[in-house]
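Enquirer: This structure is in structure tokens; I'll ask about it shortly.
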Amino acid sequence: MAAQYDDIAVKLSDWDVLPVRSESLEGHTFFKALGSVKGQSVLDLACGDGLYTRQLQARGAQRVAGVDISEEMIRVARQHEAAQPLGIEYHVSDVADMAPLGVFDCVTAVYLLHYASSPEHLLRMCRNIHAHLKPGGRFVTYTFNPGFSAKGPNSTRYGITMLDFPESPGEGQGISAELHAKTPFTIHFSHWSRDTYERALREAGEGAR
Numbered sequence: 003m004a005a006q007y008d009d010i011a012v013k014l015s016d017w018d019v020l021p022v023r024s025e026s027l028e029g030h031t032f033f034k035a036l037g038s039v040k041g042q043s044v045l046d047l048a049c050g051d052g053l054y055t056r057q058l059q060a061r062g063a064q065r066v067a068g069v070d071i072s073e074e075m076i077r078v079a080r081q082h083e084a085a086q087p088l089g090i091e092y093h094v095s096d097v098a099d100m101a102p103l104g105v106f107d108c109v110t111a112v113y114l115l116h117y118a119s120s121p122e123h124l125l126r127m128c129r130n131i132h133a134h135l136k137p138g139g140r141f142v143t144y145t146f147n148p149g150f151s152a153k154g155p156n157s158t159r160y161g162i163t164m165l166d167f168p169e170s171p172g173e174g175q176g177i178s179a180e181l182h183a184k185t186p187f188t189i190h191f192s193h194w195s196r197d198t199y200e201r202a203l204r205e206a207g208e209g210a211r
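As structure tokens, this is what we get:
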């Protein structure tokens with residue numbers, strides 16, 4: 003995953019303005035689910051170039067940290083921070099192996115969990131996410147819809163085309179999608195069922211009791 007995002011980091015400014023990332027679609031859904039972060043500490047995982055990380059700080063979060071597996075993505079995020087200092091800290095890490103960064107009121111992850119390479123990798127991610135949450139804290143994630151169907155509405159008008167999407171993808175099956183940025187590029191991730199996600203999240207919480 004790090005390699006593919008290192009390669010496309012310079013194209014992410016185009017990706018950030020695709021229709022799917024507009025305030026009325028992805029951003030609206032994400033921030034509506036998240037609710038207020040005013041005065042809170044937030045850890046933003048899979049932060050990429052810091053698009054939502056910066057918005058979290060703008061919405062009143064007291065401490066904001068971003069983590070991404072891609073060194074190039076974090077380099078771009080730090081460039082934004084250097085150009086307009088907001089007090090955001092950025093770290094390079096696989097979430098499954100992330101060193102302790104403290105505990106937070108809220109952990110967010112937009113496009114993270116579907117990059118798990120196996121159920122074990124997913125569980126390690128979820129355990130580390132739980133370890134960074136304060137008691138009663140929130141984890142809000144936005145991931146590829148496990149129920150997506152190739153027979154459903156065409157996603158191309160939102161700037162994304164699923165490539166050869168199977169009618170019934172299997173657990174862990176590789177999925178590819180083309181993003182129609184100014185310079186188009188393709189991303190690759192894994193299909194996991196809703197049951198697999200929920201099982202990993204429950205086990206992560208239960209194992210910490």
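My numbering puts the last residue of the sequence shown at 211; the count rises by one with no breaks.
We put the CB at the ideal spot given by N, CA and C, even for glycine.
Between which residues of its own chain and Ala111 is the CB-CB distance below 6 Å, once the five residues before and five after are set aside?
Expert: Within the sequence shown, the letter at position 109 stands for residue 111. Closer than 6 Å at the Cβ level, and outside the excluded window around Ala111, lie Leu47, Ala48 and Thr143.
Enquirer: Compare the Cα-Cα distances from Phe146 to each of Asp96, Ile131 and Ser192 and report the closest residue.
Expert: Translated into positions along the sequence shown, residue 146 becomes position 144. Nearest of Asp96, Ile131 and Ser192 to Phe146, Cα basis: Ser192.
Enquirer: For a test of the three-state rule: what should DSSP assign to Met100, helix, strand or coil?
Expert: As a first step, residue 100 is located in the sequence shown; it is residue number 98 there, counting from the start. The answer is coil: DSSP assigns Met100 none of H, G, I, E or B.
Enquirer: Just curious, the alpha helix (DSSP H) that Cys276 is in, first and last residue?
Expert: This structure cannot speak to residue 276, because the chain is shown only from 3 to 211.
Enquirer: Which residues in the same chain have their Cβ closer than 6 Å to the Cβ of Thr163, if we skip the five residues on either side of it in sequence?
Expert: Locating residue 163 in the sequence shown gives position 161, where the first residue counts as 1. Excluding residues within five positions, the ones whose Cβ falls inside 6 Å are Glu180.
Enquirer: For Ala118 and Thr158, what's the separation of their Cα atoms in angstroms?
Expert: As a working mapping, residue 118 is identified with position 116 in the sequence shown. As a working mapping, residue 158 is identified with position 156 in the sequence shown. Each residue's Cα considered, the two are about 25 Å apart.
Enquirer: For Thr185, which three-state DSSP category applies?
Expert: Working through the sequence shown from its first residue, we reach residue 185 at position 183. Coil, per DSSP.
Enquirer: Where does Arg77 sit, in a helix, a strand or coil, going by DSSP?
Expert: Stepping through the sequence shown from its first residue, residue 77 is reached at position 75. The answer is helix: DSSP assigns Arg77 an H, G or I state.
Enquirer: Bridge partners for Phe106 per DSSP, in chain order?
Expert: Counting from 1 along the sequence shown, the entry for residue 106 is found at position 104. According to DSSP, which records beta bridges pairwise, Phe106 is partnered with Leu135.
Enquirer: For Gly176, is the classification buried or exposed, using 16 other Cβ atoms within 10 angstroms of its Cβ as the cut-off for buried?
Expert: On the sequence shown, position 174 is the one that residue 176 refers to. Gly176 should be labelled exposed.
Enquirer: Quick one: complete beta strand (DSSP E) runs, 3+ long, within the segment 35–59?
Expert: Segments of the beta strand (DSSP E) lying fully in the segment 35–59: 43–47.
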